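Take a look at the structure below.
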Amino acid sequence: MYLIKETVNVTVYNEEPITGLRLDHSNSFYDNEPDNVVKLGFTYPNVWTNPGTYTVYLNVSNRVSANYTQANVTVFHPLNGFTLFTSDTILQTLEELVLRLTMASDTKEPMGKITFNLTWGDGAAEFNILNISADKKAFNFEVKVWNKLNVTLKISPAAGKPGDNFTLTFVNPPNVGFQYIITSNGDLLFSNNQSALYANVSPPVPTYNVSFENVGVYVISLNAFNLFYSVNTSYTVYVEIPLTGLQLSHGNRFYDKVNDTTKLTATFATGTALTEQWIFDDKVYIQQFCARDWGWRLEEDFFFDKLVCPSVELATTEATWDMSASVGATLRKQTFTPVLWLQVPNNANTLGFTYPHVWKNPGAFLVYLNVSNRISANYTQANVTVFHPLNGFTLFTSDTILQTLEELVLRLTMASDTKEPMGKITFNLTWGDGAAEFNILNISAGDSLVFRHTYVVQGNKTGSLELVSPSDNKAFPFAVMVWNKLNVTLNISPTAGKRGDSFTLTFVNPPNVGFQYIINCSGGHLFSNNQSALYANFSPPVPPYTVSFKNLGVYVINLYTFNPLYSFNTSYTIIVENPLRPDDLTLLPAQTIIPVPDGNITFTVTTINLTTAFCIWDFDHNDTTSPVYMNISESFPVEKLHTFYSARTYLVSFHCWNNISQVTEFSNVTTRNWNMTNFILSYKNVQIIDGQVPQAAVIFSLSLLDTQRPPLGLKAVFDFGDGSPIQNIDFQNWDRSHTYPSRNVYNGTLMLSHPDKGNIYLNLNMRVGTFQLVGESLGGLVMSDTFRFNVSVPRNFSGSATVYFGDGSFTSKCEKVDTVWIFSHIYQRVGYYQASLTGYGPVVSNTSSPTFTENVTFPGTLEVEGSVKDLTLEVFPRVIHHPPGNVTALVWLYSPHRIMHLNCTFNWNEIMDETFITLTGPMESNTVVTYQYNYITLGSKVVTLECSNAYSHNIAQVEVFVNNDCFSPDPIFDRQYSKQAKPMIVLNSEPAKLVTRTVIKCTDIKPNFTWAIKIVNNDSMLAYKYPDLDYLTWERGQLEPDLYRFSLNISFGREHDFCWLSEMIYVRVERAPLVVDIQGGKVRKTGDRHAIVDARTGSYDRVMGYGNNNGLAFTWSCRAYNSTSVQELLSLESAAPSGLSIPCDSISTEIEAGKRQLNISDDVQSMGFLFEVAVSYGGLASNATAYVQFIRGSLNAEIV
């Protein structure tokens, strides 16, 4: 027996005893209500609710000791009900501040004994008992004590000279202190510091004085201020130069013109900021003047040094200035600010100003000028005489284009309405050739003066008649052209010659006076004179001008005579030529034979030394041309086309002559008659070549009797038989060449045609290459197919040939059938081969050498291929258990020959899998290809391998069976709809049920049915409530029109080894077409004039159901016929052209959408109608037609 062992945990406390316990209070044991007990070593947040005196007990203990203490606490109401009011707190000195403390009648008490402590902010204070206690409350107030300011400056004097003192004195300063800043144009002059704010004011001693060295306008600014008030004032001080040296001058000896600005100018030695007063007769003007050395600045800091002053006081800081006098019209008005005044230099008569006074009347006037500024003044005067300007004068001239010794006449007239006086007038007449006249003009209004002058020297003259009065002058310029007319020519002797001969040039009919001339030859300069000859008498050159030429040719001598007004041009021809010799000319052809009647021939004449000549053709038999002047550089060689019409011999001549000799050349021309049978075609009809493509052309030669050219108008159509474009040409040469594209036998034709002689056909049979090669086949199977090589040779050919098959073997043995030699060969290896032939011509007699050799390659590469029939298919196992449904297939090539090209399809025959395995490319001998697959569906499967190449085809099949322990091999769905290309069609207007077909053999437990619906177009799954059943249903309109893939997976759990089966079916849901029906039948008869044609009642959307025709749209088309029976109505309609209709409203009225009522008048006995209606809804549309035959008195009857 053993003791029970147990562990026990015990807590032991080690604590200090409590000592020194007491209660403290932060406010002498007085509390506010409601306030907390505060400032204890530890506190408790007791809130007092009522005033009074309370005893507070505190018991404190721990596990080893205990203690207690107590304290008396008095509780008062907090200070409340007090309000402090003040009078205006913005004061000046000696003004009183009043405070008023009020206590509300609903003040909560007791608050204990209260004291107050009042401080005024300037050192004064009050303290006393307010007879209440227990709290403190402070009332703060702010007082601003500052005196208002109205201080100004007095500046004396207001204007002065540079260096003068200006005194600044304070006016109306306050008794107490203030601060001030005095500036001049922004620069500091005087100021005091902040300590002056707290003392009485004392004016500066000595008084402030300021002086300025430079001329200008100075702005003195005073800014007086304290901490609450400020005042700003400005004062203008003018520093100017006194006026000295004032006088008046005039630009025209104190004579002015009416309606003209006076030419008076005022000048002075010194002075600034001047104001001028002008007195012109009874007109007074005042202006201000700016000295030239002042500076004024535009806003862009641009300086001008010459301005017209503004018409405002110079004290202004901105002014508008008229800039027309200095900077042009682009800156007529601008705003300027004066920034600098400069002293005028001590240089008399350098400064001046004017005033634009315009005189209105003539007379003698006394002009006064008063000038001053702020520190000086002066005046002056002048006498001015004003006349009318020169007016009323007109100068007329006779013809100003003259020859020498012709007279020029001037006539000066003075109009009767001339304005006078103009003062004493003088005239100064210059004629432009040195002659002149000067005198006083003695003429009255309405009179005229005549002046005459004769020019003896040629030239362009410029004369002038100048009139001068005391106040005006006026000039009448005139231009005179004095040049003699020209009619000068040249006499050249002789006009033709040999190289080196001299030709003399003599002037004919020259004028007496001088002229300029230039003589050149074909653009090159020969002789000329200079311009000085214009102004002297003419002298002919001594000795006379002569010229000679080294080269043959026709030279043009040009004489150009001229002066500044006239010119005269003449041209002359000099011919420099050699004597003509028989060897100088050649006439081709010298002898020829041509066909007639189209006997056209072109003669050509060439020359060696001939330069220029007259030439003429003579074609015999009174056929001569007119003489023609010819130049070797332009006319030769000479070509002449001539037509001979008769068959005979002609002697043609070409005769040329010039100034010193002549020569004749001859040509013998024979013409022949002909017909089309006279043509002979010759060529070599066999072309020996190496290789496949000829390197040379075949020459086809045509001849006609002994003529040397084809007849004109002969057309040749060459068809060479090689597929090249047929050549339709004008045959102008006897030979025609053609290069054939390749070795072959060509059968062509040549058609010759002539508009007068008719047509003829000639054969163009051509063999390009002696040996023509043809391969019977370009491909075949190895070791089985026989390849035949056919070689065509010319008939009766006695040569030989050897064929090289490309695999190392060759033979000269062949089977000869007529002109074809047949070489045969069976290839033993797979591959590509190129066969060739070496052909030999007949052996040269007495030798063993052939006459020629041709080497050529057979066209095309030969393909020797393996057979796909050597392929076999093996599949295992033959019975496949599902799941997993695994199967393996082997494709074997049991052959020593490989297959170069293979194209196979492998089909597992799985209805749920549209994928086919393809096998392409080469396959080596004795190789195997392995494929594996998992079947999804059950039942018998035929595995098919179909292979082919260009020369063989093979199909191998193996049947397997796929089974499942829990399912029958029947398909789940109808497998004809298992392909997307052939879905099952279902209308969305009807409900549908998709039921499985397979038999479930495992019946002990219920399997799982897993459905899925996929929208094929966007590859998305449809959100649908899928049942766990062997069928799936959907209601009318539940599925939108689209293509769907329904799939079902039937599976078991662990109980049956997770056995499963899956399959799918494609379903296309289509929108059901609209039902459109016209009540009463398709064909009916009626006697009712107001019969109803109703397409509304019987029309509906199948999804919405019968009777629901909301939203249907009806479009009507109508026809009317004069029919008396239904048969006639149908007959008329079938014969009527399409598109013939009438407005439906003309025969009926729409009483409701889809319903129309006939409107047939009383006098109609019978009439037939056709109503066509198109009903549309939601993108759908359907049509219906109704025939209605109206017969008065007939009963309603539905025919169809």
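According to the numbering used here, the sequence shown is numbered sequentially starting from 57. Backbone N, C-alpha and C define an ideal beta-carbon position, used for all residues, glycine too. Note that the structure is predicted; figures quoted are calculated from it, not measured.
Cβ contact annotation for E269 (same chain, cutoff 8 Å, sequence separation greater than five): P218 and G219, in chain order. Around the beta carbon of P567, a 10 Å sphere encloses 16 or more other beta carbons of the protein chains shown; the residue is thus reported as buried. Non-local C-beta neighbours of I457 in its own chain, meaning closer than 6 Å and more than five positions away in sequence, comprise M537, ordered along the chain.
Excluding its 5 nearest sequence neighbours in each direction, T223 has C-beta neighbours in its own chain below 6 Å: S212, T263 and N265, listed in chain order.
In the structure shown, L174 adopts extended strand secondary structure according to DSSP, grouped into three states. The C-beta of E980 has fewer than 16 other C-beta atoms within 10 Å across all chains shown, which makes the residue exposed.
The beta carbons of V708 and F722 sit closer together than 9 Å. The Cβ atoms of T145 and N203 lie no closer than 9 Å to each other.
Nearest to S1197 by C-alpha distance, out of L1214, W1172 and D1086, is W1172.
Distance from C1115 to N1020 at the Cβ level is roughly 6 Å; contact confirmed, criterion being Cβ atoms closer than 8 Å. At the C-beta level, D1030 and R1053 come within 9 Å of one another. For T510, the closest C-alpha among the options T486, F532 and E462 is that of E462. With the rule of 3 Cβ pairs closer than 8 Å, the region 415–427 counts as touching the region 318–330. Separation of the CB atoms of D778 and Y802 is rounded to 5 Å, and the pair is thereby assigned contact status at 8 Å. Of the candidates Q1183, S1187, Q1135 and G1234, Q1135 places its Cα closest to the Cα of R1212. By the Cβ neighbour-count rule, T99 is exposed, with fewer than 16 other Cβ atoms within 10 Å of its own. With a threshold of 16 other beta carbon atoms within 10 Å, L283 falls short and is exposed. For N1020, no pairing in a beta bridge is given by DSSP.
Judged by DSSP in its simplified three-state form, H81 adopts coil rather than helix or strand.
K517 sits buried, since 16 or more C-beta atoms from the chains shown fall within 10 Å of its C-beta. Taking each of T292, D969, Q1032 and N439 in turn and checking the Cα distance to I335, the smallest one comes out for N439. Assignment of beta-bridge partners to Y113 by DSSP yields Q126. If one requires a minimum length of 3 residues, the beta strand (DSSP E) runs lying completely within the region 1193–1251 are 1204–1208, 1211–1214, 1222–1233 and 1236–1247, in chain order. Residue pairing by DSSP places G519 opposite F534 in a beta bridge. Counting along the chain, no beta strand (DSSP E) covers V1182; the unbroken alpha helix (DSSP H) around it starts and ends at V1182 to A1191. A direct Cα-to-Cα measurement between F624 and H581 gives close to 17 Å. Between the alpha carbons of I967 and I936 lies a distance of about 16 Å. For R851 against T875, the beta-carbon gap comes to about 5 Å, under 8 Å, which counts as contact. Residue state for R119 is assigned as coil, using DSSP reduced to three classes. Beta-carbon to beta-carbon, T826 and G895 are separated by about 6 Å, close enough to satisfy the 8 Å threshold.
In the DSSP assignment, P651 falls within the unbroken beta strand (DSSP E) covering Q647 to P651. Taking the CA atoms as reference points, P933 sits about 15 Å from T1000. Within its own chain, the residues whose Cβ lies closer than 6 Å to the Cβ of L1188, once the five positions on either side in sequence are excluded, are Y1177 and S1179, listed in chain order. The beta carbons of F843 and S880 sit closer together than 9 Å. Here the C-alpha atom of L918 lies approximately 56 Å from the C-alpha atom of S1024.
Cβ-Cβ distances below 7 Å link P952 to S981 in the same chain, with the five nearest sequence neighbours on each side left out; the list follows chain order.
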